[in-house]
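Peer 1:
Protein chains in written order, with this note's numbering: chain Z, 1 to 166; chain C, 167 to 332.
Have a look at this one:
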């Protein structure tokens, strides 16, 4: 089981975008440079985040990305589902129904016990991700910061933040 | 995020092997036929389950697979980790340390807040899988069975179970 790199990049980008001032945006290129990742690859994820209503895209030469909601209203689950899609990790292919002697159809009116147990685990995973917001992450970050993390963020914003027309 | 097909096949195989009588084994070919899957693909997973101490391999022309432990001592987590490997789904590539202006090293003595939150969710997922054993799955199956599932299993065992030398 593996989550794509896009999840890590997307969560970090949403966290960085939380630091924008009112009316400010960041370009995909600036976000990619800050994180040392490829712009074209990152763009795909930023578009997925926009599609899911997590980011807002401001078009034009002074455009870029900003949050579409408050950091406390964006959970890690929102970001994971936006980037990875909503399909559960366990995909039941109903192998009970294959083979030369499949079970009669009356047994397939509900998911098999194995699929049900795997989905219970996925619900626990999603509930935990849903309980952590970007605001929670930022509060934990700030509690661990002796000033260096904030200073790095400020220096970056000063250099790259664009004031988009609203 | 996606689990491979091997997880579904492996859990079903372990459940079927729970129905063997003492000293009995099933060949990989019989398990593959029962589930309508490729023998060569299934063999890879059966070997992983043996490697993890979940199955026992009896060599020879009358050989095959049987459980290495009781069904109540095999959890869904044991099977998932045997087949998919132990690495967590979220793999932190420490993008905080990339880019032209990485944070100083003193911030990297513990996992970042994002990696920590993602791993909390993975722990919840694993705890749920660890709490369900193959014996639990079989008890649920049996509660839903009006006789048809047991009859199918018995007919299969009658045809394919081998009595291996112990």
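For each residue, glycine too, the CB sits at the ideal point set by N, CA and C.
#1: Rounded C-beta distance between residue 231 (chain C) and residue 194 (chain C)? I'm assuming under 8 Å.
#2: Quick one: is residue 244 (chain Z) buried, meaning 16 or more other Cβ sit within 10 Å of its Cβ, or exposed?
#3: Going along the segment 92 to 109 of chain Z in order, which residues come within less than 7 Å of chain C, judged by CB to CB distance?
#4: Measuring alpha carbon to alpha carbon, tell me which residue in C:229, C:294, C:286 and C:259 is nearest residue 274 (chain C).
#5: Does DSSP put residue 57 (chain Z) in a helix, in a strand, or in coil?
#6: Which same chain residues end up closer than 6 Å to residue 53 (chain Z) when comparing Cβ atoms and leaving out the 5 residues on each side of it in sequence?
#7: Per the DSSP calculation, residue 75 (chain Z) is bridged to which residue(s)?
#8: For a quick check, are the C-beta atoms of residue 17 (chain Z) and residue 55 (chain Z) less than 8 Å apart?
#9: In chain Z, which residues lie with their C-beta within 7 Å of the C-beta of residue 298 (chain C)?
#10: With a cut-off of 8 Å on the beta carbons, I'd call residue 173 (chain C) and residue 288 (chain C) a contact; round off their distance for me.
#11: Closer than 9 Å, Cβ to any Cβ of chain C: which residues of the segment 42 to 56 of chain Z, in chain order?
#12: Since I believe residue 79 (chain Z) is in contact with residue 14 (chain Z) (beta carbons under 8 Å), could you give me their beta-carbon distance rounded to a whole number of angstroms?
#13: Return helix, strand or coil for residue 209 (chain C), following the three-state DSSP convention.
#14: At 4 residues or longer, and completely inside the segment 62 to 130 of chain Z: list those alpha helix (DSSP H) runs for me, N to C.
#15: My guess is that residue 290 (chain C) and residue 125 (chain Z) are in contact by the Cβ rule of under 8 Å, so how many angstroms apart are they, rounded?
#16: May I have the straight-line CA-CA distance separating residue 135 (chain Z) from residue 178 (chain C), to the nearest angstrom?
#17: Please compile the residues from chain Z whose C-beta is within a distance smaller than 7 Å of the C-beta of residue 303 (chain C).
#18: Just the Cα atoms here: how many angstroms apart are residue 186 (chain C) and residue 90 (chain Z)?
#19: Would you verify that the beta carbon of residue 120 (chain Z) is, or is not, closer than 8 Å to some beta carbon of chain C?
#20: Determine whether the beta carbon atoms of residue 216 (chain C) and residue 205 (chain C) lie at a separation below 8 Å.
#21: Using the Cα positions of residue 295 (chain C) and residue 247 (chain C), report the straight-line distance between them to the nearest angstrom.
#22: Which residues in chain Z sit within 9 Å of residue 324 (chain C), going by Cβ to Cβ distance?
#23: Does the beta carbon of residue 152 (chain Z) sit closer than 8 Å to a beta carbon anywhere in chain C?
#24: Going by CA-CA distance only, name the one from C:263, C:311 and C:214 that's closest to residue 112 (chain Z).
#25: Using DSSP bridges, identify the partner residues of residue 37 (chain Z).
#26: Secondary structure at residue 169 (chain C), three-state DSSP: helix, strand or coil?
#27: In the DSSP output, which residue or residues are listed as bridge partners for residue 51 (chain Z)?
Peer 2: Inspection of the coordinates gives the following:
#1: Translated into the one-based positions of the second chain, residue 231 (chain C) becomes position 65. Translated into the one-based positions of the second chain, residue 194 (chain C) becomes position 28. Correct: roughly 7 Å between the Cβ atoms.
#2: The structure shown does not extend to residue 244 (chain Z), since chain Z is modelled only from 1 to 166, so the question has no answer here.
#3: 92, 93, 95, 98, 99, 100, 101, 103, 104 and 107
#4: In the second chain, counting from the first residue as 1, residue 274 (chain C) sits at position 108. Of the listed residues, the one whose Cα sits closest to residue 274 (chain C) is C:259.
#5: For the purposes of this step, residue 57 (chain Z) is taken as the residue at position 57 of the first chain. Reduced to three states, the DSSP call for residue 57 (chain Z) is strand.
#6: In the first chain, residue 53 (chain Z) corresponds to position 53, counting from 1. Result list for residue 53 (chain Z): 68, in chain order.
#7: In the first chain, residue 75 (chain Z) corresponds to position 75, counting from 1. According to DSSP, residue 75 (chain Z) bridges with Z:133.
#8: Your numbering for residue 17 (chain Z) matches position 17 in the first chain. Your numbering for residue 55 (chain Z) matches position 55 in the first chain. In this structure, residue 55 (chain Z) lies closer than 8 Å to residue 17 (chain Z) by Cβ.
#9: Within the second chain, the letter at position 132 stands for residue 298 (chain C). Correct list: 117.
#10: In the second chain, residue 173 (chain C) corresponds to position 7, counting from 1. In the second chain, residue 288 (chain C) corresponds to position 122, counting from 1. Rounded, the Cβ-Cβ distance is 16 Å, inconsistent with contact.
#11: none
#12: Translated into positions along the first chain, residue 14 (chain Z) becomes position 14. Translated into positions along the first chain, residue 79 (chain Z) becomes position 79. Contact flag correct, Cβ pair sits at about 6 Å.
#13: Stepping through the second chain from its first residue, residue 209 (chain C) is reached at position 43. It is helical.
#14: 76 to 84 and 113 to 130
#15: Against the second chain, residue 290 (chain C) aligns to sequence position 124. Against the first chain, residue 125 (chain Z) aligns to sequence position 125. 6 Å between Cβ atoms; contact.
#16: Indexing the first chain from 1 puts residue 135 (chain Z) at position 135. Indexing the second chain from 1 puts residue 178 (chain C) at position 12. Answer to the nearest angstrom: the Cα atoms are 42 Å apart.
#17: Looking up residue 303 (chain C) in the second chain gives position 137. The contacting residues are 113, 114 and 117.
#18: Taking the first residue of the second chain as 1, we reach residue 186 (chain C) at position 20. Taking the first residue of the first chain as 1, we reach residue 90 (chain Z) at position 90. Between residue 186 (chain C) and residue 90 (chain Z), the C-alpha separation is close to 27 Å.
#19: Indexing the first chain from 1 puts residue 120 (chain Z) at position 120. With 8 Å as the cut-off, residue 120 (chain Z) counts as an interface residue toward chain C.
#20: Taking the first residue of the second chain as 1, we reach residue 216 (chain C) at position 50. Taking the first residue of the second chain as 1, we reach residue 205 (chain C) at position 39. No, the Cβ-Cβ distance between residue 216 (chain C) and residue 205 (chain C) is not below 8 Å.
#21: Position 129 of the second chain, counting from 1, holds the residue named residue 295 (chain C). Position 81 of the second chain, counting from 1, holds the residue named residue 247 (chain C). So the two alpha carbons sit approximately 10 Å from each other.
#22: As a first step, residue 324 (chain C) must be located in the second chain, where it is residue number 158. Under the 9 Å cutoff, chain Z gives no residues; its nearest Cβ is about 12 Å from residue 324 (chain C).
#23: For this step, residue 152 (chain Z) is matched to residue 152 along the first chain. It does: the Cβ of residue 152 (chain Z) has a partner Cβ on chain C nearer than 8 Å.
#24: Counting from 1 along the first chain, the entry for residue 112 (chain Z) is found at position 112. Checking every option, the nearest Cα to that of residue 112 (chain Z) belongs to C:311.
#25: Walking along the first chain from the start, residue 37 (chain Z) turns up at place 37. Paired residue(s): none; residue 37 (chain Z) is not in a bridge.
#26: What you label residue 169 (chain C) is simply residue 3 of the second chain in a count that begins at 1. Correct three-state label for residue 169 (chain C): coil.
#27: For the purposes of this step, residue 51 (chain Z) is taken as the residue at position 51 of the first chain. Looking at the DSSP assignment, residue 51 (chain Z) forms no beta bridge with any residue, so it has no partner.
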